[in-house]
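Engineer: Numbering of the sequence shown is given in the numbering used here, commencing with residue 6 and proceeding in unit increments.
I'd like to ask you about the structure that follows.
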Amino acid sequence: MTAENLKNISCLVVDDDSFMLKTLSIIIKQLGPEQVYQADNAQDALKLIANRNNNIDVVISDLNMPQMDGIQLLRHLGALGVNLGVILVSGEDPRLLESVQNLGQQYKLRVLGSISKPVNKDLLAKFLSDYKRDIAPSPQGPATMVFADELQAAIMADQLDVWFQPQVDVSTGQLVGVEALARWHHEEKGFIPPGIFIGIAEKYGMIQKLTDSILKKAVKQISDWNKMGFDITLSVNFSSAGLCHLEMPEVLDSTIRNSALRPDHLNIEVTESALPKDSSATLDILTRLRLKGFGLSIDDFGTGFSSLEQLKLIPFTELKIDRSFVHNAADNKASQAILESSISLAKRLNIHCVAEGVEDQADWDLVAKLGCDIVQGYFIAKPMPAADFIPWVREYSKKHRTPAT
6 MTAENLKNIS
16 CLVVDDDSFM
26 LKTLSIIIKQ
36 LGPEQVYQAD
46 NAQDALKLIA
56 NRNNNIDVVI
66 SDLNMPQMDG
76 IQLLRHLGAL
86 GVNLGVILVS
96 GEDPRLLESV
106 QNLGQQYKLR
116 VLGSISKPVN
126 KDLLAKFLSD
136 YKRDIAPSPQ
146 GPATMVFADE
156 LQAAIMADQL
166 DVWFQPQVDV
176 STGQLVGVEA
186 LARWHHEEKG
196 FIPPGIFIGI
206 AEKYGMIQKL
216 TDSILKKAVK
226 QISDWNKMGF
236 DITLSVNFSS
246 AGLCHLEMPE
256 VLDSTIRNSA
266 LRPDHLNIEV
276 TESALPKDSS
286 ATLDILTRLR
296 LKGFGLSIDD
306 FGTGFSSLEQ
316 LKLIPFTELK
326 IDRSFVHNAA
336 DNKASQAILE
346 SSISLAKRLN
356 IHCVAEGVED
366 QADWDLVAKL
376 GCDIVQGYFI
386 AKPMPAADFI
396 PWVREYSKKH
406 RTPAT
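As structure tokens, then:
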């Protein structure tokens with residue numbers, strides 16, 4: 006991505022070392038961003054961020070600072086609920102940097118990555134490009150102020166759309182499936198990021214109705230594509246609310262069969278956090294879903310503490326590695342080790358392994374080398390509305406063998 010593409014990104018550099026503060030600011034301006042704010046302490050940084058007139062997009066922060074360190078800064082940013090990118094720059098141990106990066110993600114911050122000092126200019130450019138590429142049409146401003154009653158009205162009025170992100174076989178490049186993702190375009194506020202409205206739906210007990218709406222639309226679309234000759238699977242994420250109704254397996258079985266699909270066309274993705282501990286009802290539901298032929302995927306694998314226990318208890322057919330262990334893993338020894346062990350574990354358990362967050366050639370090369378089965382991410386394709394899917398497949402099929410007829 007050229008400097009011209011990055012010029013509209015507004016950055017804030019936070020470092021108590023005046024030399025590093027100036028050096029980083031110069032490097033960032035050389036990369037393209039024209040507006041670069043500076044703060045020699047975390048308190049001043051928070052004041053600059055709180056001033057909405059500054060419209061700061063990305064914070065580049067040191068960790069070891071007096072009075073308020075970089076970890077405390079992340080905690081405050083998380084409490085503010087700001088929707089900006091964060092890049093960590095420090096001379097501390099790389100493992101410590103990795104832990105802080107994970108902590109930032111726990112605070113629901115968009116942590117773009119971490120860089121050990123001295124700063125690698127190319128890596129910094131990559132992280133800024135990642136931010137530019139990932140930002141939604143209107144990620145900040147009025148669109149982030151959404152109330153529960155607005156979301157409820159949108160769900161009741163069937164105003165949420167389903168978008169699809171392709172999944173491909175690593176060894177052949179063949180299209181094998183899609184993940185269904187909820188999207189909401191508010192009539193007045195524009196695009197509402199999923200990270201905002203999904204959280205609202207979970208907090209106010211609307212997540213199951215939202216999931217039902219997305220599932221219904223996605224199943225119909227997959228059925229239509231199946232009739233066109235695209236024999237692909239559909240992955241849909243289910244929350245804990247959907248894993249407590251004992252009749253769920255029968256309802257899903259009826260839904261799938263009425264759409265002329267087979268149960269193995271549907272992969273039910275569940276995150277570790279969505280699995281209630283010591284719940285016989287959840288285990289009952291998931292095992293009966295598997296008995297009926299549905300696929301079961303443990304999503305965001307590696308982000309929790311009981312993933313291995315869940316793999317032992319539940320008959321999963323797929324292990325989906327969280328993007329935080331995939332993207333840029335080639336440059337991170339800890340992530341690479343976790344990625345390699347996760348893929349090896351999936352193979353030993355004889356289940357499919359999916360890597361999400363494959364966003365560049367380096368990511369693809371690494372997961373391919375390690376023997377991953379399926380990948381998804383921006384390197385293959387961004388999530389897209391149904392209307393764009395067939396044109397994308399036809400373009401993709403010019404370079405790769407697909408199931409298209």
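Quick reminder that beta carbons are idealized off the backbone N, C-alpha and C, glycines included.
Since this is a predicted model, take the numbers as computed values, not measurements.
Using DSSP with H/G/I as helix, E/B as strand and the rest coil, what is Met161?
Structural biologist: For the purposes of this step, residue 161 is taken as residue 156 along the sequence shown, with counting starting at 1. If DSSP states are grouped into helix, strand and coil, Met161 belongs with the helices.
Engineer: Look up Gln170 in the DSSP assignment and give the residues it is bridged to.
Structural biologist: Numbered from its first residue, the sequence shown carries residue 170 at position 165. Answer is Glu184, bridged to Gln170.
Engineer: Which whole-angstrom value describes the C-beta separation of Leu301 and Arg295, a residue pair presumed to lie in contact below a C-beta threshold of 8 Å?
Structural biologist: Position 296 of the sequence shown holds residue 301. Position 290 of the sequence shown holds residue 295. About 6 Å separates the two Cβ atoms, so the contact holds.
Engineer: Hey, which unbroken runs of the beta strand (DSSP E) at 3 residues or more fall wholly within the stretch 280-365?
Structural biologist: List check, beta strand (DSSP E) in window: 300-306, 323-326 and 357-361.
Engineer: Just curious, the alpha helix (DSSP H) that Thr28 is in, first and last residue?
Structural biologist: The residue labelled residue 28 in the question sits at position 23 within the sequence shown. Run containing Thr28: Ser23 to Leu36, per the alpha helix (DSSP H) assignment.
Engineer: Output the distance between the C-alpha atoms of Ile395 and Ile227, rounded to the nearest integer angstrom.
Structural biologist: Stepping through the sequence shown from its first residue, residue 395 is reached at position 390. Stepping through the sequence shown from its first residue, residue 227 is reached at position 222. Roughly 12 Å separates the two Cα atoms.
Engineer: Take the Cβ of Val256 as the centre, count every other Cβ of all protein chains shown within 10 Å, and call the residue buried at 16 or more, exposed below.
Structural biologist: Here residue 256 is taken as the residue at index 251 of the sequence shown, counted from 1. Val256 comes out exposed.
Engineer: Just the C-alpha distance for Pro390 and Leu215, rounded to the nearest angstrom, thanks.
Structural biologist: Counting from one through the sequence shown, the residue named residue 390 turns up at place 385. Counting from one through the sequence shown, the residue named residue 215 turns up at place 210. So the alpha carbons of these two residues sit roughly 17 Å apart.
Engineer: Under the three-state reduction of DSSP, which class applies to Ala265: helix, strand or coil?
Structural biologist: As a working note, residue 265 is residue 260 in the sequence shown. Note: Ala265 maps to coil in three-state DSSP.
Engineer: Mapping the DSSP letters down to three states, classify Ser134 as helix, strand or coil.
Structural biologist: To locate residue 134, count along the sequence shown from 1; it is residue 129. DSSP places Ser134 in helix when its eight states are reduced to three.
Engineer: Straight-line CA distance for Tyr112 to Glu192?
Structural biologist: Within the sequence shown, residue 112 is the residue found at index 107, counting from 1. Within the sequence shown, residue 192 is the residue found at index 187, counting from 1. In a straight line, the C-alpha of Tyr112 is about 29 Å away from that of Glu192.
Engineer: Once the 5 residues before and after Ser143 are set aside, which same chain residues still bring their CB inside 7 Å of it?
Structural biologist: Counting from 1 along the sequence shown, the entry for residue 143 is found at position 138. Summary for Ser143: the model assigns pLDDT 41, below 50, so the residue's position carries little reliability, and this model does not support an answer.
Engineer: Taking only runs of the beta strand (DSSP E) that begin and end inside the stretch 72-98, which ones reach a length of at least 3 residues, in chain order?
Structural biologist: Runs found: 90-95.
Engineer: Under three-state DSSP, which class holds Asn231?
Structural biologist: As a working note, residue 231 is residue 226 in the sequence shown. Reduced to three states, the DSSP call for Asn231 is helix.
Engineer: What did DSSP end up calling Cys16 once you bin it into helix, strand or coil?
Structural biologist: Here residue 16 refers to the residue found at position 11 of the sequence shown. Three-state result, Cys16: strand.
Engineer: For Val175, report the span of its alpha helix (DSSP H) as first-last.
Structural biologist: As a working mapping, residue 175 is identified with position 170 in the sequence shown. It is not in any alpha helix (DSSP H) - Val175 carries neither H nor E in the DSSP assignment.
Engineer: If you follow the beta strand (DSSP E) that Leu271 is in, where does it begin and where does it stop?
Structural biologist: Indexing the sequence shown from 1 puts residue 271 at position 266. Unbroken beta strand (DSSP E) run through Leu271: Leu271 to Thr276.
Engineer: Suppose contacts are defined by Cβ-Cβ distances below 7 Å. Is Ala334 in contact with Leu371 by that definition?
Structural biologist: Against the sequence shown, residue 334 aligns to sequence position 329. Against the sequence shown, residue 371 aligns to sequence position 366. For Ala334 and Leu371, yes; Cβs fall inside 7 Å.
Engineer: Please work out which residues of its chain come closer than 8 Å, Cβ to Cβ, to Pro47, disregarding the five sequence neighbours upstream and downstream, and give them in chain order.
Structural biologist: Taking the first residue of the sequence shown as 1, we reach residue 47 at position 42. In the sequence as presented, Pro is not what sits at residue 47; that position holds Ala. Cβ neighbours of Ala47 beyond the five flanking positions: Val19, Ser66, Met70, Gln72, Met73, Asp74, Gly75, Gln77, Leu78 and His81.
Engineer: Run through DSSP, which three-state label would Met389 get?
Structural biologist: Numbered from 1 along the sequence shown, position 384 holds the residue referred to as residue 389. Here Met389 sits in strand by DSSP.
Engineer: I want to know whether the stretch 379-387 touches the stretch 350-365 - three or more CB-CB distances under 8 Å.
Structural biologist: Yes: the two stretches touch, three or more of their Cβ pairs being nearer than 8 Å.
Engineer: To the nearest whole angstrom, what separates the beta carbons of Gly109 and Val91, a pair I think is in contact under 8 Å?
Structural biologist: If you number the sequence shown from 1, residue 109 lands on position 104. If you number the sequence shown from 1, residue 91 lands on position 86. About 6 Å separates the two Cβ atoms, so the contact holds.
Engineer: Between Ala265 and the rest of its own chain, which residues show a CB-CB distance below 8 Å, the 5 nearest in sequence each way excluded?
Structural biologist: Taking the sequence shown and counting its residues from 1, the one referred to as residue 265 is at position 260. Same-chain partners within the cutoff: Ser228, Asn231 and Lys232.
Engineer: Can you list, in chain order, the residues of its chain whose CB lies under 8 Å from that of Asn10, leaving out five sequence neighbours each side?
Structural biologist: Position 5 of the sequence shown holds residue 10. Cβ neighbours of Asn10 beyond the five flanking positions: Gly37, Ser134 and Lys137.
Engineer: Which word fits Asp62, buried or exposed, when buried means at least 16 other C-beta atoms lie within 10 angstroms of its C-beta?
Structural biologist: The count along the sequence shown starts at 1 and reaches residue 62 at position 57. Buried, by the Cβ-count rule.
Engineer: How big is the Cα-Cα spacing for Asp217 and Asp49?
Structural biologist: Here residue 217 refers to the residue found at position 212 of the sequence shown. Here residue 49 refers to the residue found at position 44 of the sequence shown. Distance between the alpha carbons of Asp217 and Asp49: 46 Å.
Engineer: Please classify Gly210: does DSSP put it in a helix, a strand, or coil?
Structural biologist: Against the sequence shown, residue 210 aligns to sequence position 205. Reduced to three states, the DSSP call for Gly210 is coil.
Engineer: Measuring straight from C-alpha to C-alpha, what distance separates Glu103 and Asp336?
Structural biologist: Taking the sequence shown and counting its residues from 1, one reaches residue 103 at position 98. Taking the sequence shown and counting its residues from 1, one reaches residue 336 at position 331. Approximately 12 Å, taken between the alpha carbons.
Engineer: Is Leu78 close to chain B, meaning its C-beta is less than 7 Å from at least one C-beta of that chain?
Structural biologist: The displayed structure is made up of one protein chain only, and chain B is not part of it.
Engineer: Per the DSSP calculation, Tyr401 is bridged to which residue(s)?
Structural biologist: By 1-based counting over the sequence shown, the position of residue 401 is 396. DSSP lists no partner for Tyr401.
Engineer: Do Ile290 and Leu248 have their CB atoms nearer than 7 Å?
Structural biologist: Translated into positions along the sequence shown, residue 290 becomes position 285. Translated into positions along the sequence shown, residue 248 becomes position 243. Yes. Within cutoff.
Engineer: Leaving aside the five residues before and after Ser244 along the sequence, list all residues of the same chain whose C-beta is less than 8 Å from its C-beta, in chain order.
Structural biologist: Position 239 of the sequence shown, counted from the start, is the residue given in the question as residue 244. So the qualifying residues of the chain are Glu207, Ile212, Gln213, Thr216 and Ala279.
Engineer: Cα-Cα, which of Val105, Glu314, Val183 and Pro268 is closest to Arg293?
Structural biologist: As a position in the sequence shown, residue 293 is number 288, starting the count at 1. Nearest option by C-alpha distance: Pro268.
Engineer: Please tell me whether Lys122 and Gly96 are closer than 7 Å, where the distance is taken between their beta carbons.
Structural biologist: Numbered from its first residue, the sequence shown carries residue 122 at position 117. Numbered from its first residue, the sequence shown carries residue 96 at position 91. The answer is yes: Cβ separation under 7 Å.
Engineer: Buried or exposed: which applies to Ile31, given that a residue is buried once 16 or more other Cβ atoms fall within 10 Å of its Cβ?
Structural biologist: Taking the sequence shown and counting its residues from 1, one reaches residue 31 at position 26. Exposed, because fewer than 16 other Cβ atoms sit within 10 Å of the Cβ of Ile31.
Engineer: Enumerate in chain order the residues of its own chain whose CB-to-CB distance from Gln366 is below 8 Å, with the five nearest sequence positions on each side excluded.
Structural biologist: In the sequence shown, residue 366 corresponds to position 361, counting from 1. Here the set comprises Phe384.
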